[in-house]
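Numbering (this note's numbering), first residue to last: 114 to 441. From the three backbone atoms N, C-alpha and C, an ideal C-beta is built for every residue, glycine too.
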Amino acid sequence: MLRYYKYPFLVKISDLEINIEDKLYEEVFTELYKLFSSNQLKPVLLEDFEVSQAKEKDMIAKFAISKLVLSFLDTGKWNKFSVYVSKRVKSYLSYEKDFEEAVTALTSFFKIRYIKDVIRQASSAQKTNYLVHYVDYIKYAPLEIEYALGLKVVHNKNVYLNEHEFVRLLEAATKKHVYDSINLLHRLHTNNTENLSEDLVKKAKEYADRLKLDLFSKNTYNGVAFNQNMDYPPCVQKLLERLSNSENLNHNSRWYLALFLLKKGVEDNKIVQLFSNAPDFNEQITTYQVQFIKKKNYSVPNCEHIKSMSLCVADCKIKNPLQYRKKK
């Protein structure tokens, strides 16, 4: 039987008999504060035996409350939460004993048309392909270059994916849905799709205001800094802020940010940890790339080069980002 605490967006809170107590808001506040004040997005996974029916209902309710609270925060927070939820879904699918049931539920919810194609090989092993209708694939395809439609096998309007790619597609669909649902609540707070009362919406705003204040007071609200005394130019601060909000950076942005931080003496493992916020994070690949940049000992590009890569965001009156100093 499918457990919905893993995929809480599949259930409407109005369909469940749930008493939303103040303690749930406090738990949501704690969980969101921990998420936004941390540089890591590793999801916490639970086993089915750890989750009673009552706890499952609370978790579904907290997911709905989280979206309401987030609807009063900035879009960067929406994105980071959406990526976190989608990574959790991907992780649960990797260990899901009811994998086919979960896939059926998710594809039905996202309206993804697909055909499962099992190919038996000579070694008695079997290979599973998922043939996804190209319209649905385009709607949810991840932004990484390897998922570009032109690089995929397409036949009879279906895109051929292996199981890993198919799960990644479901992860991307989850992220899009969660982000879009928060956006909807942002625009229609008192008429949201889950029929939550005005009192709950008002309470959510109070917790959102409290969260803003606490995050700002801890200097974690506007991005990530490894050392508050370091001088980071606006272009680097902007990239750090985007990563802290779990945005995907292009190759030039990642290369420049890693190189700049290395030149500032930031340790390799801290840079890798920073990139763990990215939706497409792969620890092994990121570690290799950071070490490769360090080994090559590149020079930090000058500001004219930064402008040519469309990474400049302010006129700092300097020639190289390493020359940047905060005004005291």
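Exposure label - residue i; buried when at least 16 CB within 10 Å
{"i": "E278", "result": "buried"}
{"i": "N332", "result": "Summary for N332: the model assigns pLDDT 47, below 50, so the residue's position carries little reliability; its value from the coordinates is reported in the next sentence. Its Cβ having fewer than 16 others within 10 Å, N332 is exposed."}
{"i": "Y208", "result": "exposed"}
{"i": "S421", "result": "exposed"}
{"i": "Q341", "result": "No answer about Q341 holds up, because its pLDDT of 48 lies below 50 and its placement is not dependable."}
{"i": "Y334", "result": "Because Y334 sits at a pLDDT of 32, beneath the cut-off of 50, its placement in the model cannot be relied upon, and the point is left open."}
{"i": "P434", "result": "buried"}
{"i": "A317", "result": "buried"}
{"i": "K446", "result": "Given that the chain is displayed from residue 114 to residue 441, the structure contains no residue 446 and the question cannot be resolved."}
{"i": "I251", "result": "exposed"}
{"i": "S127", "result": "exposed"}
{"i": "F405", "result": "exposed"}
{"i": "L283", "result": "buried"}
{"i": "E396", "result": "exposed"}
{"i": "K441", "result": "Model confidence at K441 stands at a pLDDT of 49, short of 50, so the residue's coordinates are unreliable and nothing is read from them."}
{"i": "T241", "result": "exposed"}
{"i": "T303", "result": "For T303, the predicted structure reports a pLDDT of 48, less than 50, and the residue's modelled location is therefore unreliable. The matter cannot be settled from this model."}
{"i": "T306", "result": "Annotation note: pLDDT 47 at T306 (below 50); position unreliable, coordinate value reported separately. Exposed is the call here."}
{"i": "T220", "result": "buried"}
{"i": "Y401", "result": "exposed"}
{"i": "T399", "result": "buried"}
{"i": "K168", "result": "exposed"}
{"i": "N192", "result": "buried"}
{"i": "V216", "result": "buried"}
{"i": "A427", "result": "exposed"}
{"i": "N358", "result": "buried"}
{"i": "R281", "result": "buried"}
{"i": "K190", "result": "buried"}
{"i": "A254", "result": "buried"}
{"i": "S412", "result": "exposed"}
{"i": "Y118", "result": "buried"}
{"i": "A321", "result": "buried"}
{"i": "L186", "result": "buried"}
CA nearest to the CA of residue i, picked from the options
{"i": "F194", "options": "S204, K180, V280, K203", "result": "K180"}
{"i": "S423", "options": "R438, Q404, L362", "result": "L362"}
{"i": "H418", "options": "K432, A254, H364, A261", "result": "K432"}
{"i": "L115", "options": "V385, E214, F185, A391", "result": "E214"}
{"i": "D249", "options": "K224, K407, K265, I228", "result": "K224"}
{"i": "Y393", "options": "E259, V426, L298", "result": "Going by the sequence as given, residue 393 is Asp instead of Tyr. D393 has its Cα closest to that of E259, out of E259, V426, L298."}
{"i": "K203", "options": "N382, Y292, L158, L374", "result": "L158"}
{"i": "K409", "options": "L375, D322, D428", "result": "L375"}
{"i": "V403", "options": "Y243, V385, N365", "result": "V385"}
{"i": "T143", "options": "L297, P346, L328", "result": "L328"}
{"i": "L123", "options": "K155, Y247, K170, L145", "result": "K170"}
{"i": "H268", "options": "H246, A261, E257", "result": "H246"}
{"i": "P121", "options": "Y205, L148, S184, I228", "result": "Y205"}
{"i": "V141", "options": "E319, E380, D312", "result": "E319"}
{"i": "P346", "options": "E360, R438, S366, Y227", "result": "R438"}
{"i": "L145", "options": "L129, Y118, S184", "result": "S184"}
{"i": "G378", "options": "S366, K407, F388, E360", "result": "K407"}
Continuous alpha helix (DSSP H) stretch holding residue i: start and end
{"i": "N296", "result": "276 to 300"}
{"i": "K408", "result": "396 to 409"}
{"i": "A218", "result": "212 to 223"}
{"i": "P347", "result": "347 to 357"}
{"i": "Y146", "result": "135 to 149"}
{"i": "V385", "result": "381 to 388"}
{"i": "I419", "result": "416 to 421"}
{"i": "A371", "result": "364 to 376"}
{"i": "S184", "result": "Element bounds for S184: n/a, residue is neither H nor E."}
Determine, using beta-carbon pairs with one atom in the region 159 to 175 and one in the region 132 to 142, whether at least three such pairs fall under 8 angstroms. Taking 8 angstroms as the limit for Cβ pairs, the verdict is that the region 132 to 142 does touch the region 159 to 175.
Is there contact between the region 186 to 201 and the region 285 to 301, where contact requires at least three CB pairs shorter than 8 angstroms? These segments touch.
Could you tell me whether the region 157 to 170 touches the region 265 to 275, using the rule of 3 or more Cβ pairs below 8 angstroms? At 8 angstroms Cβ cutoff, the stretches do not touch.
Kindly confirm or deny that the region 366 to 381 and the region 345 to 355 touch, where touching means at least three C-beta pairs closer than 8 angstroms. Yes: at least three Cβ pairs fall under 8 angstroms.
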